[in-house]
Amino acid sequence: MQLNLFKTSLWLMIVTISSKVLGLFRDVFVARALGSGYQADACILALNIPLILRRLFTDGVFNQAVVPILNHNSSNFNKDFESNVSLLIGTFGLFFLIASTLFILLSNIFVIFMGIGWFKEYLNDPYSTGGLSYVLASHLIKYTLPYLFFISLAGLSCSILNFLGKYYFPAILPMILNIVILLFLYNYSYLGIEKELAVVIGVFFGGLCQFFMSIVYLYKLNLLKYLKIDFKHPLFRKTCKNLYYASLSNSVIIINVLISTIILSFLKTGSISWFYYSQRLIDFPQSFIGMAFSLLFVPIFSKKFSALELKDFNKLILQSFKVIQIFGIPAIIGLVYLAKPIIILLFYSNEFNKVDVDNTVNATYVLLASLIFILFCKNLMIIFAAINKIKSTIKIGYLTIFMNIILSLSFSSFFGFLGVCFGLALSSLIQFSLLFNKLKRLKKINVNLEFYLFSLKILIASFIMLLCIDYFVPISSNLFFMTKLEISFAISKVLFIGILVYIGSILILKINPYKTLMKMS
208 MQLNLFKTSL
218 WLMIVTISSK
228 VLGLFRDVFV
238 ARALGSGYQA
248 DACILALNIP
258 LILRRLFTDG
268 VFNQAVVPIL
278 NHNSSNFNKD
288 FESNVSLLIG
298 TFGLFFLIAS
308 TLFILLSNIF
318 VIFMGIGWFK
328 EYLNDPYSTG
338 GLSYVLASHL
348 IKYTLPYLFF
358 ISLAGLSCSI
368 LNFLGKYYFP
378 AILPMILNIV
388 ILLFLYNYSY
398 LGIEKELAVV
408 IGVFFGGLCQ
418 FFMSIVYLYK
428 LNLLKYLKID
438 FKHPLFRKTC
448 KNLYYASLSN
458 SVIIINVLIS
468 TIILSFLKTG
478 SISWFYYSQR
488 LIDFPQSFIG
498 MAFSLLFVPI
508 FSKKFSALEL
518 KDFNKLILQS
528 FKVIQIFGIP
538 AIIGLVYLAK
548 PIIILLFYSN
558 EFNKVDVDNT
568 VNATYVLLAS
578 LIFILFCKNL
588 MIIFAAINKI
598 KSTIKIGYLT
608 IFMNIILSLS
618 FSSFFGFLGV
628 CFGLALSSLI
638 QFSLLFNKLK
648 RLKKINVNLE
658 FYLFSLKILI
668 ASFIMLLCID
678 YFVPISSNLF
688 FMTKLEISFA
698 ISKVLFIGIL
708 VYIGSILILK
718 INPYKTLMKM
728 S
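Read left to right, the sequence shown gives residues 208 to 728 (our numbering).
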């Protein structure tokens, strides 16, 4: 059955945006409650470790590892498929339970590794700022690491649902975590616990809810009547192999963020918080564009690679890049214009002062330069997985990580924490260049003049949008003296005018988003 891509994509983007808005609310509460002191740095580190591990092993990785295998091994809702689901859930369930238990036992090592600068301060003076950060993070992380077990099985369940074309539940599921964290953070005084403890306990129970809901959903579809455990089964071993290669290939950006966090622990207090909040702002368009379309592109590329000729598959690849540009480029330009008012609106308070705002804004500007390359890299990894060449991208990943280390260390010597952001941004550009050239050498992509003209039209429409919003609804330079309501109203006007102008511009330039999406089906 042909997929209504436009309707599904629109729904996924709306749901993903809603989830990210909740995530921003969560970060607003955390920033206003903890500021950018050692408690905030410790809490963010305790949150980051399981979230990084989650992105490393689950976010999109299960989709790329499981969907192609299910596509070749079983059809929807037959006995073999039910047996395969029971095997995957049961065997991976036990595997991740053992892995999560080991992670919890070794939690202090994770904190030392990611906050080695703090650990050095702790050894010299346990009551220094870095020493206090290390002690607090070591305590908080024990509440957040069990989340890895919950979200791993939830991610596996969602990849199975995506294969079946049931995209809505996997898209809604991330909202549960943010809702639970907000509930705990809002009621921390009634619970008689500290603010930072409320956040990590919320992570634990949020993950538990996600796990329970996803398993119940599979059970109601009659896909999980029993659990089967067999570590020697060919399906499990093949999935592990795909998961291994997909994790290594997709982990480049995540490992680079991890490396950046380690380097930042040596810099001044607040660096990790500024970097984290700028990352969260970047994550907003990255998630609703990258995640929403990756949910659709994985099954489409997997099912159509064997069915299409090389020329037609090349058209499909170029079409996917066009879809990303339609939404990605204006989002980046708009976020550059709105970064400061959004950060002031969300985070500015007595605890998160003007210096914190300025540093976060500067980091956001630098990281935004790499966003389009991150989105392109996500799409390229899906393509490599579909053509069964994911293994060939691992060397590129290692090289990118090495370059990020060199660049971040070099730039941080001159520009401080902003230098780490420069290194991360440049490494994304390097990764995209290498992946794209690799795909060209495999003769799977051939960029034509029509594609370049399309890209030029998107850039023209985006800059027309920027000029119009700057002329008709300019943002005041006195943002720190404006009320939250005034800033909200100013941002709303910019968004309204910007969206209208951009849609009008691309239509005048004969670009139809609906038709572009439908050509993917």
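All C-beta atoms in this analysis are idealised placements derived from N, C-alpha and C, irrespective of residue type, glycine included.
Proximity winner among the options, relative to residue i (alpha-carbon distances)
i, options, result
"N463", "A593, Y451 and N255", "N255"
"I379", "I224, Y572, F583 and Q638", "I224"
"V273", "I665, L404 and F370", "F370"
"F737", "I348, F491, I540 and F609", "A question about residue 737 goes unanswered here, because the residues of the chain that appear run from 208 up to 728."
"E657", "Q246, I718 and I461", "I718"
"L360", "A632, K561, I305 and A405", "I305"
"L686", "L552, G297, K227 and R487", "L552"
"I479", "Y245, G230 and R239", "Y245"
"P353", "V459, K432 and A253", "A253"
"T607", "Q638, C584, N586 and F622", "Q638"
"L168", "F412, D234, F688 and I589", "No answer is possible for residue 168: the residues shown for the chain start at 208 and end at 728."
"I358", "V292, S307 and N521", "S307"
"K475", "F624, S620, F302 and F419", "F624"
"A546", "V564, L465 and N557", "V564"
"F288", "A238, I667, L431 and F302", "L431"
"I715", "F703, I667, C675 and T690", "I667"
"D677", "V708, C584, Y341 and N429", "V708"
"I652", "L415, N586 and F622", "N586"
Buried versus exposed, by CB contacts within 10 Å (16 or more), residue i
i, result
"F591", "buried"
"K439", "exposed"
"D437", "exposed"
"I396", "The sequence shown places Ser at residue 396, rather than the Ile named in the question. Per the 10 Å Cβ criterion, exposed."
"M208", "Only weak support is given to the placement of M208: the predicted model assigns it a pLDDT of 40, under 50, and the value that follows is read from those uncertain coordinates. Answer is exposed; the Cβ neighbour count stays below 16."
"L221", "Residue identity check: residue 221 is Ile in the sequence provided, not Leu. Exposed, since its Cβ has fewer than 16 Cβ neighbours within 10 Å."
"P548", "buried"
"P377", "buried"
"I613", "exposed"
"Y334", "exposed"
"N611", "buried"
"P381", "buried"
"F679", "exposed"
"S454", "buried"
"K722", "exposed"
"S699", "exposed"
"F559", "buried"
"G372", "exposed"
"P537", "buried"
"V237", "buried"
CB-CB length for residue i against residue j, believed under 8 angstroms
i, j, result
"T567", "I550", "5 angstroms"
"L616", "I470", "7 angstroms"
"S421", "F269", "Contact doesn't hold; Cβ gap of about 12 angstroms is too wide."
"L347", "V407", "5 angstroms"
"W481", "Y375", "Not a contact, Cβ separation roughly 36 angstroms."
"I533", "I710", "The pair is not a contact, with the Cβ atoms about 10 angstroms apart (cut-off 8 angstroms)."
"F299", "L392", "Wrong, their Cβ atoms sit about 31 angstroms apart, outside the cutoff."
"Y433", "I251", "Wrong, their Cβ atoms sit about 41 angstroms apart, outside the cutoff."
"S635", "S577", "4 angstroms"
"G324", "S472", "4 angstroms"
"Y452", "I601", "7 angstroms"
"S556", "R233", "The pair is not a contact, with the Cβ atoms about 15 angstroms apart (cut-off 8 angstroms)."
"N394", "S345", "That belief does not hold up - the Cβ atoms of N394 and S345 are roughly 25 angstroms apart, past 8 angstroms."
"I603", "L641", "4 angstroms"
Heavy atom of the ligand ADP within 6 angstroms of residue i beta-carbon
i, result
"F679", "Inclusion of the ligand ADP in the displayed structure is not the case, the ligand content being empty and no account of it being possible."
| said: Within 8 angstroms, do at least three Cβ pairs link the segment 579-596 to the segment 642-650? | reply: With the cut-off at 8 angstroms, the segment 642-650 and the segment 579-596 touch.
| task | Please confirm if the segment 383-390 is in contact with the segment 321-341, defined as three or more CB-CB distances below 8 angstroms between the two stretches. | result | No: fewer than three Cβ pairs fall under 8 angstroms.
| Can we say the segment 573-588 touches the segment 627-637, given the rule of at least three CB pairs closer than 8 angstroms? | Flag = yes, the segment 573-588 and the segment 627-637 touch.
| request: May I ask you to verify whether the segment 444-456 touches the segment 520-528, counting CB pairs closer than 8 angstroms and requiring at least 3? | output: Counting Cβ pairs under 8 angstroms, fewer than three are found: no touch.
| request: Please list the segments of the alpha helix (DSSP H) lying wholly inside the segment 572-632, counting only runs of 4 or more residues, in order along the chain. | output: If only complete runs of 4 or more residues are kept, the segment 572-632 shows the alpha helix (DSSP H) at 578-593 and 601-622, in order along the chain.
| field | Minimum length 4: unbroken alpha helix (DSSP H) runs contained in the segment 422-500 | value | Counting whole runs of 4 or more residues, the segment 422-500 contains the alpha helix (DSSP H) stretches 441-457, 459-471 and 478-492.
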